[in-house]
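A short worksheet on the structure shown next.
Residue numbers (UniProt numbering): 1 to 206.
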């Protein structure tokens, strides 16, 4: 059987460490997913490609979509985006911002291109969190981007990974183990939670 191809694309949460890694995977949730798939589903183990780049917003994905997604012709495509679209409003408010309507419009076009030009099964991951406080300003701003992600998942029949919900559920327990190192980038625990949520949702390899 021909080996299938799984492409992950996103921002620094997806990229984390991949440019220092000879395998170009990094030290992140993508690597954990790779490791667990190799152990649990060796007969269906896909080729895994990480195309995360730090700082990316949805507009940055659009600029490299043809090369980093369409040209790779993935069988499965997993997208994690939206954190920087909100975070830039907080840490760099003077730059040109991407608000929810523009976020959804660009995202819609990218998904349309995947549907029209490939046979990929699309997996949308909810944006995770901005600060480990359920009602932080970042998490409140993130709600509109989550809603857009949900609408697009329904419109294009994508698999939706409830990453944001998983993080809020853990935060609600009061667990005294950090999920991030700075409110956004994952600790080892956060990466484990992302991978666990992804694997529980995406059953294609089981």
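Glycine included, C-beta positions come from ideal geometry on N, C-alpha and C.
Please read these numbers as outputs of a predicted model, since none were measured by experiment.
Check your understanding: What's the gap between the Cα of residue 198 and the Cα of residue 96?
Key -> About 32 Å.
Review point. Under three-state DSSP, which class holds residue 124?
Key: Of the three classes helix, strand and coil, the one that applies to residue 124 here is strand, per DSSP.
Exercise for review: Could you tell me whether the region 56-73 touches the region 108-122, where touching means 3 or more Cβ pairs closer than 8 Å?
Suggested key: Inter-segment contact for the region 56-73 and the region 108-122 is present: three or more beta-carbon pairs are separated by less than 8 Å.
Practice item. Give me the Cα-Cα distance between residue 36 and residue 159, rounded to the nearest whole angstrom. Key: Each residue's alpha carbon lies about 19 Å from the other.
Point to revise | Cβ separation of residue 81 and residue 61, assumed to be a contact under 8 Å, to the nearest whole Å | key: At roughly 6 Å, the Cβ-Cβ gap stays under 8 Å, so residue 81 and residue 61 are in contact.
Check your understanding: Three or more C-beta pairs closer than 8 Å, one from the region 84-95 and one from the region 39-48: is that the case here?
Key -> With the cut-off at 8 Å, the region 84-95 and the region 39-48 do not touch.
Check your understanding: Roughly how many angstroms separate the alpha carbons of residue 188 and residue 179, rounded to a whole number?
Key -> Going from the Cα of residue 188 to the Cα of residue 179 covers about 7 Å.
Check your understanding: Would you call the CB atoms of residue 126 and residue 161 closer than 9 Å?
Key -> Yes, the pair counts as a contact, with Cβ atoms nearer than the cut-off.
Point to revise | residue 53, DSSP secondary structure in three states | key: In this structure, residue 53 counts as coil in the three-state DSSP scheme.
**Study point:** DSSP bridge partner residues for residue 10 (one or two, in chain order)
**Key:** BP columns for residue 10 point to 52, 80.
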